[in-house]
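Student:
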Amino acid sequence: MWYGQPGGWGWGYGMMGGFGGVFMLLLFIVVVALVVGLLRDLFGASHARHGALRGRGSAAQDILDERYARGEIDADEYKRRSADLRSR
Numbered sequence: 001m002w003y004g005q006p007g008g009w010g011w012g013y014g015m016m017g018g019f020g021g022v023f024m025l026l027l028f029i030v031v032v033a034l035v036v037g038l039l040r041d042l043f044g045a046s047h048a049r050h051g052a053l054r055g056r057g058s059a060a061q062d063i064l065d066e067r068y069a070r071g072e073i074d075a076d077e078y079k080r081r082s083a084d085l086r087s088r
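For reference, each letter of the sequence shown is one residue, going 1 to 88 in our numbering.
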């Protein structure tokens, strides 16, 4: 019911005046940002814990794996360097 109509509530264009749509849009953006942040925190933390469980030298082993996969090093060099990383 609109303002000035018989039996109306007298709120004009809504409880927040003409800015109700703007506030609802801002509320929607805040809720989406919170959900995205929560999901990023949950899944980002699980990846960090997984990497920590692999132990020391995992970053070096990952680089070595990538170089071998790209063909930058051959199988003998890969095995030698991988064994060297495990021995540390």
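Glycine is no exception: its CB is placed at the ideal position from the N, C-alpha and C atoms.
Because the structure is a prediction, the values reported are computed rather than measured.
On the criterion of 16 or more Cβ atoms from any shown chain inside 10 Å, does LEU27 qualify as buried, or is it exposed?
Tutor: Exposed is the call here.
Student: Do you know how far the Cα of ARG67 is from the Cα of ASP74?
Tutor: Cα-Cα distance, rounded: 9 Å.
Student: Would you identify the three-state DSSP class for GLY71, choosing helix, strand or coil?
Tutor: In the structure shown, GLY71 sits in coil (DSSP, three-state: anything other than H, G, I, E or B).
Student: Helix or strand or just coil, what does DSSP make of ARG40?
Tutor: Note: ARG40 maps to helix in three-state DSSP.
Student: Taking the C-alpha atoms as reference points, what is the distance between LEU25 and GLY37?
Tutor: When rounded, the distance between both Cα atoms is 18 Å.
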